[in-house]
Every structure is written in C-alpha cells, then in structure tokens.
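Enquirer: Before I ask anything, here is the structure I am working with.
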Amino acid sequence: MKAVVQRVAGARVEVAGEVVGAIDRGLLVYLGVAIGDELRDVEWLAEKVRGLRIFEDEQGKMNRDVADVGGGVLVISQFTLLGDCRRGRRPSFSGAMPPETAERLYESFVAAVRAKGVPVETGRFRAEMKVHSLNDGPVTMLIDSREGEARSPGAPSPLPTAG
C-alpha cells in the first residue's frame, strides 16, 4: 500500500463539479492499493499517517501530528501510484489491486484513520476527480507499507477472504 501524504492548509475534492470532501488544515493522502496488500498494511499505514509528526510546534520543529493541531485528513484513492514507468513511455498498472478488492481496503483504511479520532473526508472511489490543495511548507511524504514494519514478523494477520 502506497501513500503520498501532504501537509496542507486546506484541500477539497470535486466530482462532476460537486465538492464531495474538504478539509481545512491537515493531511491530504493519495492512497494506492497494490496486489498483495492486506489488513496489516491498512492498520500500519493508518497508524503511521495518524502519528506523523510533520506539523510545527512553538519552536518551529516538526513535532506535532494531525490530531495535535486539530486537523483533518482527506483521503483520495489513486491507483496510479502503482504505475510502473521502468519500461517504455506508457506506465503499466499491473501492480495495482483490482478495483473490487482495492475498494474494500481503501474503505478499511478510511475507517482505521477515523477510529484513531481524526476527522476524515474522502473522494469517490473510481471517480474522475479534481483535487484542489494549498500545500503547507511544502511537506510531502512517500510511504510504502511494504518498506515498513507492516511486513515484519508479528504483524497482524492477512486480510480474510470472503467465504
């Protein structure tokens, strides 16, 4: 599971000219779900996003997280984060999870961040969206659950399959 996390002074997302999600100060998260992602990736990434200390304290140090500053999170599904541009000029998206399964994990991520006490807004899964943001800093983080503790021994169990 990959995420681009941006500290923003404000952000909103529109679908067909209608604002479907908006935040003031907080985090704009573009989320890509990869083949093989599981619930442990969701939980790890939700905890990481919620706890990222990328907001400045009184001394100007990045020492506060989104909850500390009373911020919100705007989550946008973006399978193009899984684009492979190593060969040719047209990206391959073969590493992206199929939409039906990806949507389940996307919704699980949104729920996991909400459960951590942070207000969450979203775009619309599989919709053509216009995202407007006012980057603050700018501060942008690239996070991949497969490069973190989500894949270490003792991590939560894989996503259960529908029976």
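For what it's worth, my numbering labels the leading residue of the sequence shown as 1482, then goes sequentially. Each residue gets a CB set at the ideal place from its N, CA and C atoms; glycine is no exception.
What whole-angstrom Cβ distance do Val1601 and Arg1531 have, given they're in contact under 8 angstroms?
Expert: Wrong, their Cβ atoms sit about 10 angstroms apart, outside the cutoff.
Enquirer: Work out the CA separation of Arg1627 and Val1510 for me, nearest whole Å.
Expert: Distance between the alpha carbons of Val1510 and Arg1627 is about 17 angstroms.
Enquirer: Roughly how many angstroms separate the alpha carbons of Arg1571 and Glu1539, rounded to a whole number?
Expert: Approximately 46 angstroms, taken between the alpha carbons.
Enquirer: Under 6 angstroms Cβ to Cβ from Lys1611, same chain only, skipping five residues before and after it: list those, please.
Expert: Glu1495.
Enquirer: Check for me: the alpha helix (DSSP H) holding Glu1581 runs from which residue to which?
Expert: It spans Pro1580 to Ala1596 - the alpha helix (DSSP H) in which Glu1581 sits, taken as one unbroken run.
Enquirer: Quick one: measure Cβ to Cβ for Glu1501 and Ser1589, integer angstroms, because I've assumed they're closer than 8 angstroms.
Expert: Strictly speaking, residue 1501 in this sequence is Val, with Glu absent from that position. In fact, because the Cβ distance is near 20 angstroms, the residues do not count as touching under 8 angstroms.
Enquirer: I'd like to confirm the pairing. Which residues does DSSP put opposite Lys1483 in its beta bridges?
Expert: Paired residues: Gly1513 and Asp1625.
Enquirer: Mind checking Leu1623: buried by the 16 CB within 10 Å criterion, or exposed?
Expert: By the 10 Å Cβ count, Leu1623 comes out exposed.
Enquirer: Taking buried to mean at least 16 other C-beta atoms within 10 Å of its own C-beta, is Ser1575 buried or exposed?
Expert: Exposed, because fewer than 16 other Cβ atoms sit within 10 Å of the Cβ of Ser1575.
Enquirer: Should Val1573 go down as buried or exposed, given a rule of 16 or more other Cβ atoms within 10 Å for buried?
Expert: Per the sequence shown, residue 1573 should be read as Ser rather than Val. Result: exposed.
Enquirer: Measure the Cβ-Cβ separation of Arg1713 and Pro1579 and say whether it is below 8 angstroms.
Expert: The chain is shown only over 1482 to 1644; residue 1713 falls outside these bounds and no answer can be derived.
Enquirer: Quick check: what's the CA-CA separation for Ala1503 versus Cys1566?
Expert: Taking the straight line joining both Cα atoms gives about 31 angstroms.
Enquirer: Pull up the distance between the alpha-carbon of Asp1625 and that of Ala1497, whole angstroms please.
Expert: Looking at the two C-alpha atoms, the distance is approximately 31 angstroms.
Enquirer: Could you check how far apart the C-beta atoms of Leu1555 and Gly1513 are, in whole angstroms? I think they sit under 8 angstroms.
Expert: That pair is no contact at about 15 angstroms.
Enquirer: Please work out which residues of its chain come closer than 7 angstroms, Cβ to Cβ, to Ala1490, disregarding the five sequence neighbours upstream and downstream, and give them in chain order.
Expert: The answer, listed in chain order, is Arg1506, Leu1615 and Asp1617.
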